[in-house]
Each structure stands twice: as C-alpha cells, then as structure tokens.
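J.:
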Amino acid sequence: MAVLRALARDFPDNRTGKNCTYRMEDALLGAFSVFYTQCPSFLTHQIAMSETRGMSNAQTLFGMRDIPSDNHIRNLLDPVDPQHIYPAFERTFNALNDTGQLDTFRMVNGQLLIALDGTSYHQSHAIHCPQCTVTEHKKGGTSYTHTVVTPVVVSTAHNRVIPLEPEFVTPQDGHAKQDCESAAAHRWITAYAERYRHLHVTLLGDDLYSRQPMCEEMLRAGFDFILVCKPASHTTLYAELERREHTGNVSTFSMTRREGKKTFTDTYRFAESLPLRAGKDALMVNWCELKSTSAEGKTVYHNAFATTHTLHPGNVAEIVKAGRARWRIENGNNNTLKTKGYHLSHNFGHGQKYLSATLATLNLLAFLLHTVQELTDFTYRTLRDRLPTRKAFFEHVRVLTQYHCFESFSALLEFMLSGLNRGRRDSG
Numbered sequence: 000m001a002v003l004r005a006l007a008r009d010f011p012d013n014r015t016g017k018n019c020t021y022r023m024e025d026a027l028l029g030a031f032s033v034f035y036t037q038c039p040s041f042l043t044h045q046i047a048m049s050e051t052r053g054m055s056n057a058q059t060l061f062g063m064r065d066i067p068s069d070n071h072i073r074n075l076l077d078p079v080d081p082q083h084i085y086p087a088f089e090r091t092f093n094a095l096n097d098t099g100q101l102d103t104f105r106m107v108n109g110q111l112l113i114a115l116d117g118t119s120y121h122q123s124h125a126i127h128c129p130q131c132t133v134t135e136h137k138k139g140g141t142s143y144t145h146t147v148v149t150p151v152v153v154s155t156a157h158n159r160v161i162p163l164e165p166e167f168v169t170p171q172d173g174h175a176k177q178d179c180e181s182a183a184a185h186r187w188i189t190a191y192a193e194r195y196r197h198l199h200v201t202l203l204g205d206d207l208y209s210r211q212p213m214c215e216e217m218l219r220a221g222f223d224f225i226l227v228c229k230p231a232s233h234t235t236l237y238a239e240l241e242r243r244e245h246t247g248n249v250s251t252f253s254m255t256r257r258e259g260k261k262t263f264t265d266t267y268r269f270a271e272s273l274p275l276r277a278g279k280d281a282l283m284v285n286w287c288e289l290k291s292t293s294a295e296g297k298t299v300y301h302n303a304f305a306t307t308h309t310l311h312p313g314n315v316a317e318i319v320k321a322g323r324a325r326w327r328i329e330n331g332n333n334n335t336l337k338t339k340g341y342h343l344s345h346n347f348g349h350g351q352k353y354l355s356a357t358l359a360t361l362n363l364l365a366f367l368l369h370t371v372q373e374l375t376d377f378t379y380r381t382l383r384d385r386l387p388t389r390k391a392f393f394e395h396v397r398v399l400t401q402y403h404c405f406e407s408f409s410a411l412l413e414f415m416l417s418g419l420n421r422g423r424r425d426s427g
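In numbering that gives the first Met the number 0, the protein residues as written are 0 to 427.
1) Residues bridged to residue 55 by DSSP?
2) Among all the DSSP beta bridges, which residues are the ones paired with residue 285?
3) Please tell me whether residue 200 and residue 269 are closer than 8 Å, where the distance is taken between their beta carbons.
4) What residues in its chain sit with their C-beta under 6 Å from that of residue 228, if we drop five residues either side in the sequence?
5) Can you have a look at residue 32 and say buried or exposed, based on whether 16 or more other CB atoms are within 10 angstroms of its CB?
6) Work out the CA separation of residue 245 and residue 321 for me, nearest whole Å.
7) Closer than 7 Å by C-beta to residue 378: which residues in its own chain qualify, once you throw out the five before and the five after it? Chain order, please.
8) If contacts are defined as beta-carbon pairs under 8 Å, then residue 367 and residue 91 qualify, I think. What distance do you get, rounded to the angstrom?
9) Which of the three DSSP states is assigned to residue 293 in this structure?
10) Name the one or two DSSP bridge partners that residue 255 has.
11) Less than 8 Å between the CB atoms is what I'm expecting for residue 170 and residue 79, so what's the real figure, rounded?
12) May I have the straight-line CA-CA distance separating residue 61 from residue 256, to the nearest angstrom?
13) Any idea if residue 54 is buried or exposed, counting beta-carbon neighbours within 10 angstroms, 16 or more meaning buried?
14) Under a three-way DSSP split, which group does residue 31 fall into?
15) If you measure between the beta carbons of residue 153 and residue 325, is that distance less than 8 Å?
16) Quick one: what's residue 223 bridged to in DSSP?
17) On the criterion of 16 or more Cβ atoms from any shown chain inside 10 Å, does residue 214 qualify as buried, or is it exposed?
18) I believe residue 317 touches residue 106 by the beta-carbon criterion, under 8 Å. Please report the beta-carbon distance rounded to the nearest angstrom.
19) Can you tell me whether residue 122 is helix, strand or coil according to DSSP?
20) What does the alpha-carbon distance come out to for the pair residue 241 and residue 310?
21) What are the boundary residues of the alpha helix (DSSP H) that residue 360 is part of?
22) With DSSP as the reference, label residue 301 as helix, strand or coil.
23) For residue 105, write down the residues that DSSP places opposite it in a beta bridge.
24) Run the CB neighbour count on residue 252, radius 10 Å, all protein chains shown included, and call it buried at 16 or more, exposed below.
25) Can you tell which of 160, 184, 176 and 178 has the C-alpha that lies nearest to the C-alpha of residue 166?
26) List the endpoints of the continuous beta strand (DSSP E) containing residue 143.
27) Out of curiosity, what's the CA-to-CA distance linking residue 48 and residue 35?
28) Rounded to the nearest angstrom, what separates residue 116 and residue 58 at their Cα positions?
29) Do you know offhand how far residue 236's Cα is from residue 212's?
30) Please report the distance separating the alpha-carbon of residue 192 from that of residue 364.
31) Please classify residue 40: is it buried, with 16 or more other beta-carbons within 10 angstroms of its beta-carbon, or exposed?
32) Does the distance between the C-beta of residue 45 and the nearest non-hydrogen atom of the ligand FMN fall short of 7 Å?
33) Quick one: what's got a C-beta closer than 8 Å to residue 168's C-beta in the same chain, skipping five residues either side?
34) Quick one: what does DSSP say residue 166 is sitting in, helix, strand or coil?
35) Measure the beta-carbon distance from residue 419 to residue 385 and round it to whole angstroms, keeping in mind my assumption that it falls under 8 Å.
36) Going straight from the alpha carbon of residue 202 to that of residue 143, what length do you get?
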C-alpha cells in the first residue's frame, strides 16, 4: 500500500481550488481495495462503518484518509496512464526474485518461462472511448473492444502464475493502422528486454507468435522461445519436415505413462534447423511434436512447437512440457481474472481516456499480490487451502470487513484462521 501511495503522488492532477477534496492516493487505493477484496460494494460498507465508528477498513487496511465516491474515483483516475502503476509490478517481481521465490518457476535447465497472450476485457456496441479498437461489421453495426497482452511467469510444476506489466492494445500515435495483439506483444518485448533477459527467459505463445518478425524480435531481445507451430500457418516448415521424414531424418521415440488406472502412449518427434517460412532469409528453428494416445488408440493431445532450444531425446519431453505450460496464461490467469471473482470483463468504469485500462491494471495487480501472499504468507496460504474455493475465501473477507474493523491485514487473516481452528475443535 505504501508503494501505491507513493506512486499516486506522481499521478497527473489538474484540479484547482476547492475541487481537491480527495487525494489521488485515496482514489487509487479506493479502486484497488475493490479488486483486492473482490467486493464491488466494499467502499460503500466502509463509508457506513466510518460514519458510525469513526474508522473503517479503508483506513486501517488500505491506508486511505477519506473515501471518495465511485464517480469521484472514476473521474480522478481517467487521466492516469496505467504505466504510472507499472513500478508496483517491477518491485513485486524483484522482491520475489531476491527471495528465491522464482526458483520454483524455472525449468530443469534453469530457464524462466514467460507466456504471452492477449485477452479482451471490454466488448460493447455502445460504450466506447478513443482508446477502443473499432470494428465495422460487414452485416452492419460497430463494436468496440479493449484488449490487453498479459505476460505472466508460468511453471511446469504448479498452476500459480505471476502477472507482469501488461501491454494494452490502443491507438498508437503516427499509425494509421489499428493496433493489434501482435503489435502490442512486439512493444512489450522491446520495452522489457533489458529488464528480463539476464534471467534466462524463454517466451511461450500460441501460433500467432511463431511468425518470423515476432521470433526475430524475441531473438534480438535476448530471449529463447517455445511457440505453438501449426501446419496451416507454416507450410514451408512442414513441407521440409515431410521431405526429411522420407529420408529418415526426423527423430521419433515413444514413452508409456499411467494416470490412475489409465495408460497413455506419448509419441515425440523432433527435428532441427527447419525454415520458419519460405525465402533465403528464413529463420531456422528447431521443431518438436507430441501426440498422446489412449490404450484404445484415441488421440487425447496433439501439438507441435518451434523453438530455439537444441533438441535431443533427453530434453524433448521437457521442452514440450514447457511449451504446454502456456495454457496456464489462459486458465491460470485470463480465465481466473474473468470467472473467479476478479470480474475483469465487468465494466467498472470506461471513461474517455485511460480509465478502463487503469482499472484493469489494478485488477491484475490485485491478482499478483494474492499470488505473492500464497507464495510467501503461511497464514494466507493455510486459509486458502482450508477453505474450499477462492470464492469462499473472499466471501469470508467480504462479510468480516463489512461488520468489523481490523487493525491490519495480519489481524484479519489471524482472526479468520483462529475462527476455523476453533470450529474444528468445537466439532471434534
């Protein structure tokens, strides 16, 4: 909270005179509190508590001095570019790195996996702003969307993800062509190459990312990559692969594994130095594929990847496992943000400038801090394990903060844990 307060002091604020009732810090922390507690009515409850008790959780937990209304928060944050909040992501990431928490996210060879993917968080035929992507439909009508590329650190060993600074798809100065996910990903790679390249990063992405300009950008930035590589979009590569198969120059091996009572056969194929596209300037990549079949011969998984990593029978399974970890950006990050209480697609406020993106950034930051607490806070992690779902945990937080003022987050979590322990003793 101290970091957010410090950042808010540098927010653009053009108010003058009597129009300065609320501090920018209060607007930022007020918006963040809604996402952190996953309670859209959190501030309404805290205003009522403050009026009756003279103090509320908005003050004690989030460090707010006054509680602005929702409209005040929207008006104050609309001119704030979300990049003003990005240092909070950097400081959190650095703290995790300095304490060794990132080690559990590394592959066997020490590579840190960062998955890139775009997700839409606003779609409307009416509500729009100058930052929207505009689509004119052939059958008539216009739609307005907001899309963001959400890079996250993923692991092959567990489902937790660490969100990094997002990159929003927005109109770019001096560009007549509309912005898109691919261009936003290019910007992110360029902007953060220096910060992350020394960590031995491998970038993950779907088939959209395994195009030569994107791959060359990743290489210039000092990143390795493992990217989905489909036949329909890489005809030259697969034609060369077919030619090599006829001459016996594609390596193949199979492994059998059991999941419970079921048996599966994993068949790996791999080859090196294949052209990513046609032409003399084609980038040469290595390629690997996994096809998993059941005992009955049914294909249960089939995918292939282009990579910079050298391939051999001893590491292909690990490379494929890393490539498959990119699904966690969809299930562990984007799906969680949309369906597990964060309500990323909900219109908390659209504004006319940056509001939609700034609120989405605060939502991502709340998710990041929840992940950090799971990794580093024993009490928080115990509560999340003991309560059946994420939703149940935040429902407890919502109810408790509505009726009781806690002096700190630690006091809130300890109160919750002691209550669960007391319930166990009483029932035992």
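Glycine included, every Cβ here is placed at the ideal spot set by N, Cα and C. All values reported here derive from a predicted model rather than from experimental measurement.
T.: Let me lay it out:
1) Numbered from 1 along the sequence shown, position 56 holds the residue referred to as residue 55. Per DSSP, none; premise fails for residue 55.
2) Counted from its first residue, the sequence shown places residue 285 at position 286. Its beta-bridge partners are 306.
3) Within the sequence shown, numbered from 1, the residue matching residue 200 stands at position 201. Within the sequence shown, numbered from 1, the residue matching residue 269 stands at position 270. Their beta carbons are not under 8 Å apart, which means residue 200 does not touch residue 269 by this criterion.
4) Numbered from 1 along the sequence shown, position 229 holds the residue referred to as residue 228. Leaving aside the five residues that flank residue 228 on each side, the residues in its chain whose CB is nearer than 6 Å to its CB run, in chain order, 209, 303, 304 and 305.
5) Taking the sequence shown and counting its residues from 1, the one referred to as residue 32 is at position 33. Buried is the call here.
6) Taking the first residue of the sequence shown as position 1, residue 321 is located at position 322. Taking the first residue of the sequence shown as position 1, residue 245 is located at position 246. Their Cα atoms are separated by approximately 29 Å.
7) Numbered from 1 along the sequence shown, position 379 holds the residue referred to as residue 378. Taken in chain order, the residues that qualify are 412, 413 and 416.
8) On the sequence shown, position 368 is the one that residue 367 refers to. On the sequence shown, position 92 is the one that residue 91 refers to. 6 Å between Cβ atoms; contact.
9) Looking up residue 293 in the sequence shown gives position 294. Of the three classes helix, strand and coil, the one that applies to residue 293 here is strand, per DSSP.
10) The sequence position of residue 255 within the sequence shown is 256, counting from 1. DSSP lists 264 as partners of residue 255.
11) The count along the sequence shown starts at 1 and reaches residue 170 at position 171. The count along the sequence shown starts at 1 and reaches residue 79 at position 80. 18 Å between Cβ atoms; not a contact.
12) The residue labelled residue 61 in the question sits at position 62 within the sequence shown. The residue labelled residue 256 in the question sits at position 257 within the sequence shown. Approximately 49 Å between the Cα atoms of the pair.
13) Your numbering for residue 54 matches position 55 in the sequence shown. Residue 54 comes out exposed.
14) Walking along the sequence shown from the start, residue 31 turns up at place 32. The answer is helix: DSSP assigns residue 31 an H, G or I state.
15) Position 154 of the sequence shown, counted from the first residue, corresponds to residue 153. Position 326 of the sequence shown, counted from the first residue, corresponds to residue 325. When the beta-carbon positions are compared, residue 153 and residue 325 come within less than 8 Å of each other.
16) Stepping through the sequence shown from its first residue, residue 223 is reached at position 224. Answer is 201, bridged to residue 223.
17) Within the sequence shown, the letter at position 215 stands for residue 214. Classification of residue 214: buried, given that the 10 Å Cβ count is 16 or more.
18) Looking up residue 317 in the sequence shown gives position 318. Looking up residue 106 in the sequence shown gives position 107. About 6 Å; that satisfies the 8 Å criterion.
19) Here the question's residue 122 lines up with position 123 in the sequence shown. In this structure, residue 122 counts as strand in the three-state DSSP scheme.
20) Within the sequence shown, numbered from 1, the residue matching residue 241 stands at position 242. Within the sequence shown, numbered from 1, the residue matching residue 310 stands at position 311. Residue 241 and residue 310 have their C-alpha atoms spaced approximately 18 Å apart.
21) By 1-based counting over the sequence shown, the position of residue 360 is 361. Run containing residue 360: 354-375, per the alpha helix (DSSP H) assignment.
22) Position 302 of the sequence shown holds residue 301. Reduced to three states, the DSSP call for residue 301 is strand.
23) Sequence index remark: in the sequence shown, residue 105 carries index 106 (1-based). Answer is 111.
24) Here residue 252 refers to the residue found at position 253 when the sequence shown is read from its first residue. Looking at its Cβ environment, which holds fewer than 16 other Cβ atoms inside 10 Å, residue 252 is exposed.
25) On the sequence shown, position 167 is the one that residue 166 refers to. Among 160, 184, 176 and 178, the Cα nearest to that of residue 166 belongs to 184.
26) Position 144 of the sequence shown, counting from 1, holds the residue named residue 143. Its beta strand (DSSP E) spans residues 141-148.
27) In the sequence shown, the residue the question calls residue 48 occupies position 49. In the sequence shown, the residue the question calls residue 35 occupies position 36. The alpha-carbon atoms of residue 48 and residue 35 are separated by roughly 19 Å.
28) The residue given as residue 116 occupies position 117 in the sequence shown. The residue given as residue 58 occupies position 59 in the sequence shown. If you take the alpha carbons of residue 116 and residue 58, they lie about 36 Å apart.
29) Counted from its first residue, the sequence shown places residue 236 at position 237. Counted from its first residue, the sequence shown places residue 212 at position 213. If I take the Cα positions, the gap works out to 16 Å.
30) Here residue 192 is taken as the residue at index 193 of the sequence shown, counted from 1. Here residue 364 is taken as the residue at index 365 of the sequence shown, counted from 1. Using only the alpha carbons, I get a separation of about 21 Å.
31) As a first step, residue 40 is located in the sequence shown; it is residue number 41 there, counting from the start. Exposed.
32) Inclusion of the ligand FMN in the displayed structure is not the case, the ligand content being empty and no account of it being possible.
33) Stepping through the sequence shown from its first residue, residue 168 is reached at position 169. Hits under 8 Å: 117, 132, 145, 146, 147, 148, 178, 179, 180, 182 and 183.
34) For this step, residue 166 is matched to residue 167 along the sequence shown. Three-state result, residue 166: strand.
35) As a first step, residue 419 is located in the sequence shown; it is residue number 420 there, counting from the start. As a first step, residue 385 is located in the sequence shown; it is residue number 386 there, counting from the start. Confirmed, about 6 Å.
36) Within the sequence shown, the letter at position 203 stands for residue 202. Within the sequence shown, the letter at position 144 stands for residue 143. Residue 202 and residue 143: Cα-Cα distance of roughly 30 Å.
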